[in-house]
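Visitor: Protein chains in written order, with this note's numbering: chain A, 12 to 302; chain B, 53 to 100.
All residues carry an ideal CB built from backbone N, CA and C; glycine is no exception.
All figures in this text were calculated on a predicted structure; none of them were measured in a lab.
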Amino acid sequence: MRLGINLGYWGAGMDGDNLAVAKKADKLGYDVCWAAEAYGSDAPTVLTWVAAQTERIDVGSAIMQIPARQPAMTAMTAATLDSLSGGRFRLGLGVSGPQVSEGWYGVKFDKPLSRTREYVEIVRKAMARERLSYEGEHWTLPLPEGPGKPIKLTVHPQREHIPLYIAAIGPKNLEQTGEIADGALLIFPSADHLEDTTIKHLRAGREKAGETMEGFDVCPTLPLAVGEDVAGLADMFRPYTALYVGGMGSRKQNFYNQLAQRMGYEKEAAEIQDKYLSGDKGERPPRSRTS
Amino acid sequence: MERIAERMAAYAAAGVTTLTISPAGFTLDERLTALRAGTEALERAGLA
Numbered sequence: 012m013r014l015g016i017n018l019g020y021w022g023a024g025m026d027g028d029n030l031a032v033a034k035k036a037d038k039l040g041y042d043v044c045w046a047a048e049a050y051g052s053d054a055p056t057v058l059t060w061v062a063a064q065t066e067r068i069d070v071g072s073a074i075m076q077i078p079a080r081q082p083a084m085t086a087m088t089a090a091t092l093d094s095l096s097g098g099r100f101r102l103g104l105g106v107s108g109p110q111v112s113e114g115w116y117g118v119k120f121d122k123p124l125s126r127t128r129e130y131v132e133i134v135r136k137a138m139a140r141e142r143l144s145y146e147g148e149h150w151t152l153p154l155p156e157g158p159g160k161p162i163k164l165t166v167h168p169q170r171e172h173i174p175l176y177i178a179a180i181g182p183k184n185l186e187q188t189g190e191i192a193d194g195a196l197l198i199f200p201s202a203d204h205l206e207d208t209t210i211k212h213l214r215a216g217r218e219k220a221g222e223t224m225e226g227f228d229v230c231p232t233l234p235l236a237v238g239e240d241v242a243g244l245a246d247m248f249r250p251y252t253a254l255y256v257g258g259m260g261s262r263k264q265n266f267y268n269q270l271a272q273r274m275g276y277e278k279e280a281a282e283i284q285d286k287y288l289s290g291d292k293g294e295r296p297p298r299s300r301t302s
Numbered sequence: 053m054e055r056i057a058e059r060m061a062a063y064a065a066a067g068v069t070t071l072t073i074s075p076a077g078f079t080l081d082e083r084l085t086a087l088r089a090g091t092e093a094l095e096r097a098g099l100a
């Protein structure tokens, strides 16, 4: 098993420390350094900064948001970053969520599965330096009856194939990820529940593509803290867990809450969400089972 | 450290191929300690 680090979001006053952590990870032999993106720091800028100051560690987006960029732009960014970093870039993509997609980017959060599939197909075509033409439900390239014509990427990527990951939580997204991507970016994984909540869906997708799990990168992010007081260390992560399980999306559409339910934590997930959405963010969330 | 190594072994057995950590801490030193613990635990688990 390989190790990666996730530096999260930047621009919140810890950038110097983040860079020091990335450089140390590079020296310690960590395989990949990921950077997040929501509605603050953008992943490519951060990764370029890190890539320029490290030597061997791969740099990856976890994620670059699909509603934030046209697929051709993502292909340009991926090719440029791969070239500048000497072939160390990994492209992680995700649909984000309805509130960010529609509120921040003004992009309707509809049909995320087919949108992701088309997006990945266009990105791969563009990165392969094909003359870009595409007819889909969400994208048509070039636009018909206009001056646009099929053109191809002028940048020559460092590698023919840049590893492509998708952030996935729900069963259908996981299955599609297994089918069309090289790896899956996961959150809140439980080793005890991973087969049922995640691996079996990825495997089904791989089988659809005529592949096995061999070579597919199953890549969850987990917090790691060191100390003797396990309960006290777990308390560090309760607010973060409460934000995602209780506060993300809406009561009806919270992917992280649904994941917790699929793991068997229905009661805890409901309680955390009730408290969070009723404004009870100051209190410590209910003590949940640690695994 | 043993606990971290055990959990890493559990994740590897469950099918994880790259375990990404967010090294937690209130100071840079604490985060670097967590970073070093990651590689040490991986070795201790026999997964390096």
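Any contact of the stretch 123-138 of chain A with the stretch 72-88 of chain A, i.e. 3+ C-beta pairs under 8 Å?
Guide: Yes, the stretch 123-138 of chain A touches the stretch 72-88 of chain A.
Visitor: Check each candidate in A:Leu104, A:Val118 and A:Gly103 and name the one with the smallest Cα separation from A:Gln110.
Guide: For the purposes of this step, residue 110 of chain A is taken as the residue at position 99 of the first sequence. For the residues A:Leu104, A:Val118 and A:Gly103, the minimum Cα distance to A:Gln110 belongs to A:Val118.
Visitor: Please list, in chain order, the chain A residues whose beta carbon lies closer than 7 Å to that of B:Gly90.
Guide: Within the second sequence, the letter at position 38 stands for residue 90 of chain B. The answer, in chain order, is Leu14 and Leu235.
Visitor: What in chain B is Cβ-close to A:Met247, meaning under 8 Å?
Guide: Start at 1 with the first residue of the first sequence, and residue 247 of chain A comes out as number 236. Those are Ala76, listed as they occur along chain B.
Visitor: For A:Leu9, which residues in chain B fall below 9 Å Cβ to Cβ?
Guide: Because chain A is modelled from 12 through 302, residue 9 of chain A falls outside the range shown and cannot be assessed.
Visitor: To the nearest angstrom, report how far apart B:Glu95 and B:Ala62 are at their CA atoms.
Guide: Within the second sequence, the letter at position 43 stands for residue 95 of chain B. Within the second sequence, the letter at position 10 stands for residue 62 of chain B. Approximately 14 Å, taken between the alpha carbons.
Visitor: For A:Ala54, which residues in the same chain have their Cβ closer than 6 Å to its Cβ, ignoring the five residues on either side in sequence?
Guide: Translated into the one-based positions of the first sequence, residue 54 of chain A becomes position 43. Hits under 6 Å: Ala46, Glu48, Ser72 and Met75.
Visitor: Name, please, each residue of chain B whose Cβ falls closer than 8 Å to the Cβ of A:Leu205.
Guide: Along the first sequence, read from residue 1 onward, the residue named residue 205 of chain A stands at position 194. Tyr63, Ala66, Gly67 and Val68, listed in chain order.
Visitor: Just to confirm before moving on: does the CB-CB distance between A:Gly97 and A:Gln169 stay below 8 Å?
Guide: As a position in the first sequence, residue 97 of chain A is number 86, starting the count at 1. As a position in the first sequence, residue 169 of chain A is number 158, starting the count at 1. Cβ atoms of A:Gly97 and A:Gln169: closer than 8 Å.
Visitor: Can you say whether A:Asp42 is buried or exposed, counting buried as having 16 or more other CB atoms within 10 angstroms of its CB?
Guide: Numbered from 1 along the first sequence, position 31 holds the residue referred to as residue 42 of chain A. Buried.
Visitor: Going by DSSP in three states, A:Met12 sits in which element: helix, strand or coil?
Guide: Translated into positions along the first sequence, residue 12 of chain A becomes position 1. Three-state result, A:Met12: coil.
Visitor: Return the CA-CA distance between A:Val166 and A:Tyr50, expressed in angstroms with no decimal places.
Guide: The sequence position of residue 166 of chain A within the first sequence is 155, counting from 1. The sequence position of residue 50 of chain A within the first sequence is 39, counting from 1. For A:Val166 and A:Tyr50, the distance between alpha carbons rounds to 28 Å.
Visitor: Within the 8 Å Cβ cut-off, does A:Pro296 reach chain B?
Guide: Taking the first residue of the first sequence as 1, we reach residue 296 of chain A at position 285. Confidence is the limiting factor: at A:Pro296 the pLDDT is only 48, short of 50, which leaves the residue's position unreliable and the question unanswerable from this model.
Visitor: Who does B:Pro75 pair with in a DSSP beta bridge?
Guide: In the second sequence, counting from the first residue as 1, residue 75 of chain B sits at position 23. According to DSSP, B:Pro75 bridges with A:Leu235.
Visitor: Residues in its own chain within less than 7 Å of A:Pro153 by CB, not counting five upstream and five downstream?
Guide: As a position in the first sequence, residue 153 of chain A is number 142, starting the count at 1. These residues qualify, in order along the chain: Ser144, Gly159, Lys160 and Pro161.
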